[in-house]
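Data block below; observations after.
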Amino acid sequence: MTRNNETPADTPLLKVEDIHISFGGVAALTGVTFEVKGGEIFSLIGPNGSGKTVMMNCINGLYRPQKGNISFDGKLISGLSPHQRAEMGISRTFQKIELFSGMTVLDNIRLGRHIHLKSGILSSCLYVGKTAREEIESRKFIEEEIIDLLEIEHIRNHVTGMLPYGMQKRVELARALALNPKILLLDEPLAGLNLEEVEDMARFILDINEEKRWRVTCVLVEHDMGVVMDLSDRVMVLNFGEKIAEGIPHEIQDHPDVIKAYLGEVEELYVTRR
Ligand SMILES: Nc1ncnc2c1ncn2[C@@H]1O[C@H](COP(=O)(O)OP(=O)(O)O)[C@@H](O)[C@H]1O
Ligand SMILES: [Mg+2]
Numbered sequence: 024m025t026r027n028n029e030t031p032a033d034t035p036l037l038k039v040e041d042i043h044i045s046f047g048g049v050a051a052l053t054g055v056t057f058e059v060k061g062g063e064i065f066s067l068i069g070p071n072g073s074g075k076t077v078m079m080n081c082i083n084g085l086y087r088p089q090k091g092n093i094s095f096d097g098k099l100i101s102g103l104s105p106h107q108r109a110e111m112g113i114s115r116t117f118q119k120i121e122l123f124s125g126m127t128v129l130d131n132i133r134l135g136r137h138i139h140l141k142s143g144i145l146s147s148c149l150y151v152g153k154t155a156r157e158e159i160e161s162r163k164f165i166e167e168e169i170i171d172l173l174e175i176e177h178i179r180n181h182v183t184g185m186l187p188y189g190m191q192k193r194v195e196l197a198r199a200l201a202l203n204p205k206i207l208l209l210d211e212p213l214a215g216l217n218l219e220e221v222e223d224m225a226r227f228i229l230d231i232n233e234e235k236r237w238r239v240t241c242v243l244v245e246h247d248m249g250v251v252m253d254l255s256d257r258v259m260v261l262n263f264g265e266k267i268a269e270g271i272p273h274e275i276q277d278h279p280d281v282i283k284a285y286l287g288e289v290e291e292l293y294v295t296r297r
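Here it is, written out as structure tokens:
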């Protein structure tokens with residue numbers, strides 16, 4: 024199986040135009056527009072409640088904005104279901120871990136793949152031919168590449184719910200990768216991790232983005248500003264559902280509106296890990 028991320032570097036892979044969404048009359052996003060180029064790590068930052076997770080939900084189809092368009096890979100996807108978007112190569116992790124805690128690591132990863140494929144886990148049991156080949160190929164792909172990349176060989180047969188939190192976050196990343204995505208939406212992948220785990224996770228995100236085998240474009244929501252500034256090609260800042268800044272990391276760090284939005288959290292912007 025080969026990577027299919029063939030979108031030319033200067034063409035936007037993801038185009039988000041004028042998104043408006045409100046809940047019970049309370050605006051969560053107001054007129055947000057941005058583009059993510061193929062190959063980028065594009066970070067989405069902002070204070071708590073500024074609309075970052077809502078934006079991720081709009082991109083993967085969990086939420087339908089009241090206004091605005093989203094295009095992916097040159098196609099309008101605003102009307103598509105999360106499942107259809109996953110099939111196009113949009114994968115994600117969640118702010119709160121969403122794994123099957125009673126199942127093994129390997130089964131969680133396999134399910135992550137099956138959920139999104141036409142030939143679901145049930146039909147895989149019933150049919151041969153294309154589905155069987157797909158199953159063998161996908162198993163090989165999952166076991167040999169993802170487990171290897173994320174260094175989870177030693178826990179592949181462990182029950183997920185029994186693992187330390189940091190390992191569960193890693194398994195969630197593995198599950199999201201099992202889709203062989205073109206774009207990966209990462210919602211606070213570092214939250215709750217200790218320093219060593221943060222460094223590991225940051226390295227994995229870079230590997231997924233940079234390694235020739237993967238080259239996955241990433242949209243990263245994260246509060247750890249050291250890591251955001253280190254990893255990101257570009258950063259967009261939301262405040263109360265509006266875009267207040269966008270640029271390369273050092274432009275964002277010095278941006279007066281950004282500093283104002285983070286008033287009280289301002290130290291966060293200047294914490295550098297390395
Ligand atoms: N399903 C929902 N129903 C009602 N309000 C919501 C829902 N999802 C998000 N919100 C509201 O939208 C705003 C942005 O939330 P969110 O995107 O989760 O913030 P964050 O930037 O911390 O991820 C918050 O005020 C939140 O309460
Ligand atoms: Mg959030």
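Going letter by letter, the sequence shown gives residues 24 to 297 in the working numbering. The beta-carbon is built from N, C-alpha and C at its ideal position, and this holds for glycine as well.
- Per DSSP, reduced to three states, the secondary structure at residue 110 is helical.
- For residue 117, there is no enclosing alpha helix (DSSP H), as DSSP marks it with neither H nor E.
- By the C-beta density criterion, residue 180 is exposed, having fewer than 16 other C-beta atoms within 10 angstroms.
- Listed in chain order, the non-local C-beta contacts of residue 210 below 8 Å within the same chain comprise 75, 76, 79, 115, 116, 117, 118, 244, local neighbours out to five positions each way being set aside.
- Here the alpha carbon of residue 200 sits roughly 7 Å from the alpha carbon of residue 169.
- In the DSSP assignment, the residues bridged to residue 90 are 43.
- Secondary structure at residue 175: coil, using DSSP grouped into helix, strand and coil.
- In this structure, residue 132 and residue 197 form a Cβ contact; the two beta carbons are roughly 5 Å apart against a cut-off of 8 Å.
- For residue 59, the three-state secondary structure derived from DSSP is strand.
- In the structure shown, the three-state DSSP call for residue 253 is helix.
- For the 9 Å CB-CB criterion, residue 264 and residue 55 form a contact.
- When DSSP states are grouped into helix, strand and coil, residue 239 belongs to the coil group.
- A distance below 8 Å between beta-carbons, with the five flanking residues on each side excluded, links residue 104 to the following residues of its chain, in chain order: 84.
- According to the DSSP assignment, residue 270 belongs to the beta strand (DSSP E) that extends over 265-270.
- In this structure the segment 183-190 does not lie against the segment 87-101, because fewer than three pairs of beta carbons, one per stretch, are closer than 8 Å.
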